[in-house]
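Novice:
There are 2 protein chains.
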Amino acid sequence: MAKPVIILVNPQMGENIGAAARIMANFDLEELRIVSPRDGWPNERAEAMATGAVGIIEQAKIYDDLPSAVADLTLVYATTARTREMIKRVASPRGAAEEIAGAAGPVGILFGPERSGLSNDDVALADTIITIPVGWYKSLNIAQAVAIVAYESFVAAHDASPPQPEEPMATKGDIDALFGALERELEARGFFYPEEKRPGMVRNLRNLIERQALYEQDVRTLHGVIKALTRSNDGMN
Amino acid sequence: MAKPVIILVNPQMGENIGAAARIMANFDLEELRIVSPRDGWPNERAEAMATGAVGIIEQAKIYDDLPSAVADLTLVYATTARTREMIKRVASPRGAAEEIAGAAGPVGILFGPERSGLSNDDVALADTIITIPVGWYKSLNIAQAVAIVAYESFVAAHDASPPQPEEPMATKGDIDALFGALERELEARGFFYPEEKRPGMVRNLRNLIERQALYEQDVRTLHGVIKALTRSNDGMN
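Taken in order, these protein sequences are the chains called G and H.
When the count follows the numbering used here, it moves up by one through the first sequence with no breaks and lands on 220 for the last residue.
When the count follows the numbering used here, it moves up by one through the second sequence with no breaks and lands on 220 for the last residue.
1) Going along chain G in order, which residues have a C-beta closer than 9 Å to the C-beta of residue 5 of chain H?
2) Label residue 154 of chain H either buried or exposed according to how many other C-beta atoms from any shown protein chain fall within 10 Å of its C-beta, with 16 as the threshold for buried.
3) With DSSP run on the structure shown, which of helix, strand or coil describes residue 70 of chain G?
4) Just the C-alpha distance for residue 100 of chain H and residue 111 of chain H, rounded to the nearest angstrom, thanks.
5) Can you pull the DSSP bridge partners for residue 91 of chain G?
6) Taking the C-alpha atoms as reference points, what is the distance between residue 64 of chain G and residue 115 of chain G?
7) So that I know if they touch, is there some Cβ in chain H lying closer than 8 Å to that of residue 46 of chain G?
8) Give a yes or no on contact between the stretch 156 to 171 of chain H and the stretch 203 to 214 of chain H, applying the rule of three or more CB pairs nearer than 8 Å.
9) Scan the stretch 2 to 27 of chain H for residues whose Cβ lies nearer than 9 Å to a Cβ of chain G and list them as they occur along the chain.
10) Are any of the Cβ atoms in chain H nearer than 8 Å to that of residue 174 of chain G?
11) Identify every run of the alpha helix (DSSP H) within the stretch 148 to 201 of chain G, keeping only runs that are complete inside it and at least 4 residues long; order them along the chain.
12) Kindly indicate which three-state DSSP category residue 44 of chain H falls into: helix, strand or coil?
13) Hey, could you find the ends of the alpha helix (DSSP H) residue 21 of chain G is sitting in?
14) Considering only the alpha carbon of each residue, which of H:41, H:19, H:14, H:17 lies closest to residue 27 of chain H?
15) Consult DSSP for residue 115 of chain H and reduce its assignment to one of helix, strand or coil.
16) Residue 65 of chain H bridges to which residues according to DSSP?
17) What number of angstroms, rounded off, separates the C-alpha of residue 62 of chain H from the C-alpha of residue 102 of chain H?
18) Is there at least one Cβ from chain H nearer than 8 Å to residue 150 of chain G's Cβ?
19) When burial is assigned at 16 or more other CB atoms within 10 Å of the CB, is residue 135 of chain H buried or exposed?
20) Going by DSSP, what residue range makes up the alpha helix (DSSP H) through residue 136 of chain H?
21) Based on Cα-Cα distance, which residue from G:122, G:52, G:73, G:179 lies nearest to residue -7 of chain G?
22) Between which two residues does the alpha helix (DSSP H) holding residue 76 of chain H run?
23) Closer than 8 Å by beta-carbon distance: list the chain G residues that pair up with residue 34 of chain H, in chain order.
24) Using a C-beta cutoff of 8 Å, does residue 219 of chain G count as contacting chain H?
25) Considering Cα atoms alone, identify which of G:98, G:131, G:91, G:197 is closest to residue 6 of chain G.
26) Please return the same chain residues whose Cβ sits closer than 6 Å to the Cβ of residue 90 of chain H, not counting the five positions on each side in sequence.
27) Do residue 16 of chain G and residue -5 of chain G have their beta-carbon atoms positioned less than 8 Å apart in this structure?
28) Indicate the three-state DSSP secondary structure (helix, strand or coil) for residue 15 of chain H in the structure shown.
29) Between residue 39 of chain H and residue 189 of chain H, what straight-line distance do the alpha-carbon atoms span, to the nearest angstrom?
30) Going by CA-CA distance only, name the one from H:49, H:-1, H:172 that's closest to residue 29 of chain H.
31) Note down, in chain order, every chain H residue with its Cβ under 7 Å from the Cβ of residue 60 of chain G.
32) At what residues does the alpha helix (DSSP H) containing residue 27 of chain G begin and finish?
33) Looking at the C-beta of residue 71 of chain G, does it have a partner C-beta in chain A at a distance below 8 Å?
34) Which of the three DSSP states, helix, strand or coil, is assigned to residue 122 of chain H?
35) Out of G:3, G:182, G:13, point me to the one whose CA is closest to residue 33 of chain G's CA.
36) Is residue 221 of chain G close to chain H, meaning its C-beta is less than 8 Å from at least one C-beta of that chain?
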């Protein structure tokens, strides 16, 4: 499984470098490369912001220029929001992540400096542009851009369906029995009145119960509730 | 189209509130609710960090407790990484976003305080848990969690396929003509030698050209390249 290298080109604020490293660790990315960071290297603010992911900062590789930073890669993506004069295929973060998960050689993803983004010369070194879809406010923080791309990469590399509770879901039979118990008790108390409205009232009530996602334990609880509610008051005082 | 309300429960750092507002604006979310922020309200650091999205901070609604903050909503999701004792359905960010995009009434998404996350009592108020899938480093910054959820919400609400360059792609006919021109010039120069290797050499070269994503302009450029390369050197000096 190919894990993309994250390449920050001329990043300005150490805080953003640290935040990018942290989100990389959240999504199991390992290799950070930095081209000519504005405030030099090492950077204390980057280390502080990385928190538990400081190892990624410590092992980051620093380069003087972008061509050296991508020299050993076989596929390079450039993240940019702006429409460019140059002709280059544009991928969504999701599409790119799926391509990267299946890539044969080492892949890098470029992120530009905070103020200006990647230059045209930077983008020219990439095979494909990644554009993160945004709404009315288009200025995306660099660490947030890394977050979206890293997240999509992680989802593409894993079965993303989350673990469910171990408690088994109630069967339709369980729910039918629950409804039957409720209906009987309501019937005994003259709930379904007048008689001509009865079918509609039963249907509505059944609908209400059937459309819930109920676990076995919920059904046991609800049987207990019905039992408790229908108990004679006398014994409780 | 339902846009989820973002609800920060007892957030600690103003910077994170501001970063959350900024990413909300990036993904066209509008309404921020804050339950009992640690450092009071208004918060200058939140305003500074929100940059162009400061309007979301200014219009944020402040609540004393979570039940009041969700009282008018019909569907509530709680973001949490931890396995809980309670029985509740767990959705992925993507699955939840698709549900929310089709929801009939107002929807809220809860995010807990930085240090501890949502309490069990908070989670109990939600219909469904959202768990963001993470790797070895599980501590996700709150603004990054908002980013993932807001991004998925935006993608679910839009056609996420990015705009492509307006330049038309080359047709297979264009590419065949290009290959023909190249092959003729190579042939004239004895490139395909020895004769028994010729079929393999032609096939490899054709493969190389056919598998590229070429635009019409690229094909024009490459015709120019072939023409230039095959020009007699004499005229150029």
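No residue lacks a Cβ here, since even glycine has one placed at the ideal position from N, Cα and C.
Specialist: Based on what the coordinates show:
1) For the purposes of this step, residue 5 of chain H is taken as the residue at position 22 of the second sequence. What residue 5 of chain H touches in chain G: 120, 122, 123, 124, 127.
2) Sequence index remark: in the second sequence, residue 154 of chain H carries index 171 (1-based). Residue burial is scored here from C-beta neighbours: residue 154 of chain H has fewer than 16 other C-beta atoms within 10 angstroms and is therefore classed as exposed.
3) In the first sequence, residue 70 of chain G corresponds to position 87, counting from 1. The answer is coil: DSSP assigns residue 70 of chain G none of H, G, I, E or B.
4) As a working mapping, residue 100 of chain H is identified with position 117 in the second sequence. As a working mapping, residue 111 of chain H is identified with position 128 in the second sequence. Within the model, the alpha-carbon separation for residue 100 of chain H versus residue 111 of chain H is close to 16 Å.
5) Stepping through the first sequence from its first residue, residue 91 of chain G is reached at position 108. Answer is G:-12, G:59, bridged to residue 91 of chain G.
6) Your numbering for residue 64 of chain G matches position 81 in the first sequence. Your numbering for residue 115 of chain G matches position 132 in the first sequence. Straight across, the Cα-Cα distance linking residue 64 of chain G with residue 115 of chain G is about 7 Å.
7) Residue 46 of chain G sits at position 63 when you count from the first residue of the first sequence. Taking Cβ atoms only, chain H never reaches closer than 8 Å to residue 46 of chain G, which makes this a no.
8) The way I'd put it, the stretch 156 to 171 of chain H does touch the stretch 203 to 214 of chain H; three or more beta-carbon pairs between them come closer than 8 Å.
9) Going along the stretch 2 to 27 of chain H in chain order, one finds 2, 5, 6, 7, 8, 9, 10, 11, 12 with a Cβ nearer than 9 Å to chain G.
10) On the first sequence, position 191 is the one that residue 174 of chain G refers to. Answer no: the Cβ-Cβ gap between residue 174 of chain G and chain H never drops below 8 Å.
11) Runs found: 155 to 171, 181 to 193.
12) Here residue 44 of chain H refers to the residue found at position 61 of the second sequence. Of the three classes helix, strand and coil, the one that applies to residue 44 of chain H here is strand, per DSSP.
13) Taking the first residue of the first sequence as 1, we reach residue 21 of chain G at position 38. Premise fails: residue 21 of chain G is in no alpha helix (DSSP H) and is neither H nor E.
14) Against the second sequence, residue 27 of chain H aligns to sequence position 44. Ranking the options by Cα distance to residue 27 of chain H, first place goes to H:41.
15) As a first step, residue 115 of chain H must be located in the second sequence, where it is residue number 132. Three-state result, residue 115 of chain H: coil.
16) Counting from one through the second sequence, the residue named residue 65 of chain H turns up at place 82. BP columns for residue 65 of chain H are empty, so no partner.
17) The count along the second sequence starts at 1 and reaches residue 62 of chain H at position 79. The count along the second sequence starts at 1 and reaches residue 102 of chain H at position 119. In this model, residue 62 of chain H and residue 102 of chain H are separated by some 11 Å (Cα to Cα).
18) Locating residue 150 of chain G in the first sequence gives position 167, counting from the first residue. Residue 150 of chain G belongs to the set of residues whose beta carbon lies under 8 Å from a beta carbon in chain H.
19) Here residue 135 of chain H corresponds to residue number 152 of the second sequence, with the count starting at 1. Classification of residue 135 of chain H: buried, given that the 10 Å Cβ count is 16 or more.
20) The residue given as residue 136 of chain H occupies position 153 in the second sequence. For residue 136 of chain H, the enclosing alpha helix (DSSP H) starts and ends at 125 to 140.
21) The count along the first sequence starts at 1 and reaches residue -7 of chain G at position 10. Out of G:122, G:52, G:73, G:179, G:52 has the C-alpha closest to the C-alpha of residue -7 of chain G.
22) Here residue 76 of chain H is taken as the residue at index 93 of the second sequence, counted from 1. Residues 76 to 84.
23) Residue mapping note: residue 34 of chain H aligns to position 51 of the second sequence, counting from 1. Under the 8 Å cutoff, chain G gives 122.
24) The residue given as residue 219 of chain G occupies position 236 in the first sequence. Note on residue 219 of chain G: pLDDT 42, under 50, position unreliable in the model; no value is reported.
25) To locate residue 6 of chain G, count along the first sequence from 1; it is residue 23. Minimum Cα distance to residue 6 of chain G is reached at G:131.
26) Mapped onto the second sequence, residue 90 of chain H falls at position 107. Cβ neighbours of residue 90 of chain H beyond the five flanking positions: -15, -13, 58, 83.
27) Sequence index remark: in the first sequence, residue -5 of chain G carries index 12 (1-based). Sequence index remark: in the first sequence, residue 16 of chain G carries index 33 (1-based). For residue -5 of chain G and residue 16 of chain G, no; Cβs fall outside 8 Å.
28) Within the second sequence, residue 15 of chain H is the residue found at index 32, counting from 1. In the three-state reduction of the DSSP assignment, residue 15 of chain H falls in the strand class, which pools E and B.
29) Against the second sequence, residue 39 of chain H aligns to sequence position 56. Against the second sequence, residue 189 of chain H aligns to sequence position 206. Approximately 56 Å, taken between the alpha carbons.
30) Translated into positions along the second sequence, residue 29 of chain H becomes position 46. Ranked by Cα distance from residue 29 of chain H, the options H:49, H:-1, H:172 are led by H:-1.
31) Within the first sequence, the letter at position 77 stands for residue 60 of chain G. Within 7 Å Cβ-Cβ: nothing; residue 60 of chain G doesn't reach chain H, min ~12 Å.
32) Counted from its first residue, the first sequence places residue 27 of chain G at position 44. Boundaries of the alpha helix (DSSP H) around residue 27 of chain G: 27 to 33.
33) Judged by its chain identifiers, the structure shown contains no chain A, and its protein chains are G and H.
34) As a working mapping, residue 122 of chain H is identified with position 139 in the second sequence. Residue 122 of chain H falls in the coil class under three-state DSSP.
35) On the first sequence, residue 33 of chain G is found 50 positions in, with the first residue counted as 1. Nearest option by C-alpha distance: G:3.
36) Outside the shown range of chain G, which is -16 to 220, sits residue 221 of chain G, and nothing can be said about it.
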